[in-house]
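Presented below is the structure to which this report refers.
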Amino acid sequence: MAVNDGIAQAPRRSAWRYVPVSDRTRMLLIFLPPAVLVFSIFVILPMVQAGFFAPYKWSGYGPAPWAMNEATGNPFGQWVGARNFDRMAGHSAFQAAATNTAMVVGVSLLIQLPLALAMALLIYRKSYANTVFRLIFFVPYILAEVATGLIWSFVLDGNYGLSRYASDLMGLGKALFPLAEKPWAFYSILGVIVWKYFGFHMMIYIAGLQSIPRELLESARIDGAKPLQRVIYIKLPLLWPAITVSVFYAVLGGLQVFDLVMPMTAGGPSNSSHTLVSYLYIFGFIRLDVGYGSAVGVFLFCVGVIFAFAYRNTVQREGRP
Amino acid sequence: MRLRTLTLVAAAGLLANTAAAETVIDVLSINRDSATWKQLYLDVVEQYNAANDGVTVNLQFMEDESFKQKLPTLLQSDAAPDLFFSWSGGVFYEQAEQGFLRPIPDATIEDWKGDLSAGGLAALSYKGKFYGAPESSQNVAIWYNKDLAAQVGVDPSSIKTYDDFLDQVTKAKAAGVTPIIVGGQDKWPLHFYYSLIAMRIMGQDGMAASAAGENGGFDNEDWVRAGVEFKRLIDLEPFQDGFMGIKYDGATGLWGDGKGLFHLMGDWDLGAQRGASTSGGLSNEQLGVVAFPMIDGGRGAITDTLGGASGFVVTANAPDEAIDFLKVFMGVDAQKRAASEGIYIPTVPSAGSLVEDTILKQFAAIGGASTYHQLFLDQFYGSTLGGAINDVSAQLATGDITPEEAAKHLEETRQFQ
């Protein structure tokens, strides 16, 4: 408003003076184009491209699968229609990857978030000890994903890792190799995901809990509400907006897990611990099948978009005043 | 007026510069971690630059993985190198198919065949055209640890048949020695078993027929039998604990630390196990090498070899000078030096006898006596089918797939290509 007044009082010689638009439009004209440009080039364009690449068999050489290769007189790629999607649906490794991704989302929602909430309720009050705990729980989140994966792959290694010492201590006689055994490899990844990300959600909840007016809790206590009742009837309802945000992040983050998988198991043993993204990377890029990778990307995109729209229009809409 | 004169002078100067400009040959190699190998490259380049006025060779190194990832983009850009390193195989075929490589003139190839390895040149050819010059060749064989063999009481050098091998694996197991070390997480170390068993069973003709889709492609009794024979080994539980959770680097470290009796691996493992081990690795005296054994009733030969062939290839827009330099770079003198210094096993026939290292010498002999050299299947069949071979090798090893399912899956993948 102050800016508005300033212009009204002392009009300066600005080109904008001649543009018959409101301040709001002016702001949009200045700030929107760079954002739209960057977003279009780096987000929208690759998404749309993936959509166009998906019905081709294409190794990734050449600017596009339909582009003419002057050296050979043929296009770089070959139109295969829905074949990439057919193959995806029938590929056992893809089914495993999709199941695993669903498990990541499930574990995030059913174990990670309740754990984060419990921790937040325990340590949200401001005190020296709580600050220390908060820091300890938050540190895994700060670690780079690849570094985390490498550290855990060393820890869980039965030849030289902590796993060896743990098995020796327990007197097992035989070292444990969780990353080499079928169900355990992916369970280990799930464990690391919970360990790494619950601190992030805990911080969201702590911020939410700290913003709950103290008077409300005080009056509830005076009215005789027990601690558990205060949590259920006051803290949780007031925390609801924070919970919806953290669920949103947990689901979308779960769909994108990749950097932990590669150093820990690289999708193995026998392609049993892939997530959708690591599957896309190995079978699309490493094996030079960009058309197929694009098809997987399109699938992943659709899942993400459907979730995001559904969530925004149901859960998060209810949360709004 | 003055301005125009100046412009003319400047333009003339520019033209003169262009005329006198040197031809620059950009060469892109993967990292040569071995100091002697790198020095060999640098020396060859320096000598060539000194001897050839008007030509400057510009050599660059790039780490293996980033090399693989950047190359497709790089080849399509103006910054494409003139010569670059190639492992041959499927990726190379794709580059040739898409016209990113320059065929070397037939007359030049005829000339080169006098000095360079004909087999190596063939590995860098596609549809009758030759695109590069071979450098080193790799062969896979069974390594054994002599100390552990003595402890178990077996003589691996006597292994002739697959049953002999399985017998020694059983004996090692009974003696409490881990029979075989393998880096299963990488999958390709496991695919050596499946590949060699298949080669022994069906021989060169059978392998070629599978690739061409004849006789059911991969879905035939030979490939099923290869899976069955591989399963016989797997059922003995021959590998170290947790073998699916460890990559090649880690596994060869265990091997170098003397943790197992056998290791099916290529000649490069000699240096690799020493680098990765915590104890300095196994000495030449502790190591033995024996060819992968023959399988009863197989149509292959024990002298058929599985391995790699690598070299440098020429890109589409490279100048003629690049081809000239390639001949020197991969030439007889350079390879002879590589052989006598024990840098790699050369492909040039006249350099083979110069290998002095007692172990590399055995590999050179295996390569020299080869009746049919099969490129690593995961490279030979291209990235998709090759990757599928790695996948089913790992799945057979973990018991997640039957030999029949493996053969069927390979054929489905082949048809998809």
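Top line first, the protein sequences correspond to chains L and F. Read in order, the letters of the first sequence are residues 1 to 321 in the numbering used here. Read in order, the letters of the second sequence are residues 1 to 417 in the numbering used here. Glycine included, every Cβ here is placed at the ideal spot set by N, Cα and C.
For this session: Hey, could you find the ends of the beta strand (DSSP E) residue 309 of chain F is sitting in?
Result: 304-314
For this session: Return the first residue and the last residue of the alpha helix (DSSP H) that residue 33 of chain F is part of.
Result: Careful: residue 33 of chain F lies outside any alpha helix (DSSP H) and carries neither H nor E.
Exercise. Comparing alpha-carbon positions, which option in F/128, F/355, F/251, F/56 lies nearest residue 420 of chain F?
Worked result: No answer is possible for residue 420 of chain F: the residues shown for chain F start at 1 and end at 417.
Problem set entry | Proximity below 9 Å, CB of residue 28 of chain F to CB of residue 67 of chain F | yes
Exercise. Taking all protein chains shown into account, do 16 or more other C-beta atoms lie within 10 angstroms of the C-beta of residue 210 of chain F, making it buried, or fewer, making it exposed?
Worked result: buried
Exercise. Of all Cβ atoms in chain L, is any one closer than 9 Å to the Cβ of residue 211 of chain F?
Worked result: no
For this session: Check whether the Cβ of residue 278 of chain L lies closer than 9 Å to any Cβ atom in chain F.
Result: no
For this session: Check the Cβ-Cβ distances between residue 83 of chain L and every residue of chain F, and say whether any is below 9 Å.
Result: yes
Exercise. Could you give the C-beta distance for residue 313 of chain F and residue 101 of chain F, rounded to a whole number, given that I count them as a contact under 8 Å?
Worked result: 6 Å
Problem set entry | Selected residue, minimal CA-CA separation from residue 145 of chain F, among F/136, F/138, F/137, F/155 | F/155
For this session: Pull up the distance between the alpha-carbon of residue 51 of chain L and that of residue 305 of chain F, whole angstroms please.
Result: 44 Å
Exercise. Alpha helix (DSSP H) containing residue 273 of chain F: first to last residue?
Worked result: 269-276
Exercise. Is the Cβ of residue 94 of chain L closer than 9 Å to any Cβ of chain F?
Worked result: no
For this session: Using the Cα positions of residue 229 of chain L and residue 242 of chain L, report the straight-line distance between them to the nearest angstrom.
Result: 20 Å
For this session: Compare the C-alpha of residue 104 of chain F against each of F/86, F/133, F/114 and name the closest.
Result: F/133
For this session: Classify residue 347 of chain L as helix, strand or coil using the three-state DSSP reduction.
Result: Residue numbering for chain L in the displayed model covers 1 to 321; residue 347 of chain L lies beyond these limits and cannot be assessed.
Exercise. Does any residue of chain F bring its CB to less than 9 Å from the CB of residue 7 of chain L?
Worked result: Low confidence applies here, because residue 7 of chain L scores a pLDDT of 46, under 50, leaving its location unreliable and the question unanswered by this model.
For this session: Please compile the residues from chain L whose C-beta is within a distance smaller than 9 Å of the C-beta of residue 177 of chain F.
Result: In chain order: nothing, as chain L lies at least about 16 Å away.
Exercise. Run through DSSP, which three-state label would residue 44 of chain L get?
Worked result: helix
Exercise. For residue 289 of chain F, which three-state DSSP category applies?
Worked result: strand
Exercise. Chain L beta carbons: is any one of them nearer than 9 Å to that of residue 328 of chain F?
Worked result: no
Exercise. Cβ atoms of residue 273 of chain F and residue 423 of chain F: under 9 Å apart, would you say?
Worked result: With chain F covering 1 to 417 only, the question about residue 423 of chain F has no answer from this structure.
Exercise. So what's residue 135 of chain F in DSSP terms, helix, strand or just coil?
Worked result: strand
Problem set entry | Rounded straight-line distance, which links the Cα of residue 129 of chain F to that of residue 175 of chain L | 53 Å
Exercise. What distance in whole Å lies between the Cβ atoms of residue 23 of chain L and residue 384 of chain F, which are believed to be in contact at a cut-off of 8 Å?
Worked result: With a Cβ gap of about 57 Å, residue 384 of chain F and residue 23 of chain L do not count as contacting.
For this session: Find the nearest neighbour of residue 218 of chain F within the set F/112, F/147, F/408, judged by alpha-carbon distance.
Result: F/408
For this session: Write down the C-beta distance between residue 49 of chain L and residue 124 of chain L rounded to the nearest angstrom, noting that I regard them as a contact closer than 8 Å.
Result: Not really, about 45 Å apart at Cβ, beyond 8 Å.
Problem set entry | Beta-carbon neighbours of residue 237 of chain F, restricted to chain L and to distances below 7 Å | Within chain L, no residue comes near residue 237 of chain F; the closest Cβ sits about 12 Å away, beyond 7 Å.
Problem set entry | Exposure of residue 68 of chain L, with buried meaning 16 or more beta-carbon neighbours within 10 Å | exposed
Exercise. Excluding five sequence neighbours on each side, which residues of the same chain lie with their C-beta closer than 8 Å to the C-beta of residue 360 of chain F?
Worked result: 267, 270, 342, 345
Exercise. Between which two residues does the beta strand (DSSP E) carrying residue 58 of chain F extend?
Worked result: 55-62
For this session: Flag this pair as touching only if the region 182-191 of chain F and the region 374-394 of chain F have three or more C-beta atom pairs under 8 Å; answer yes or no.
Result: yes
Exercise. For chain F, is any of its Cβ atoms less than 9 Å away from the one on residue 322 of chain L?
Worked result: This structure cannot settle anything about residue 322 of chain L, because the visible part of chain L is limited to 1 through 321.
For this session: Would you please state the rounded distance, in angstroms, between the beta carbons of residue 54 of chain L and residue 295 of chain L? I believe it to be under 8 Å.
Result: 4 Å
For this session: Have a look at F/296, F/142, F/338 and flag the residue whose alpha-carbon is nearest the alpha-carbon of residue 262 of chain F.
Result: F/142
For this session: Taking only beta carbons into account, state which residues of the region 229-253 of chain F come closer than 9 Å to chain L, listed in chain order.
Result: 240, 241, 242, 243, 244, 245, 246, 247, 250, 253
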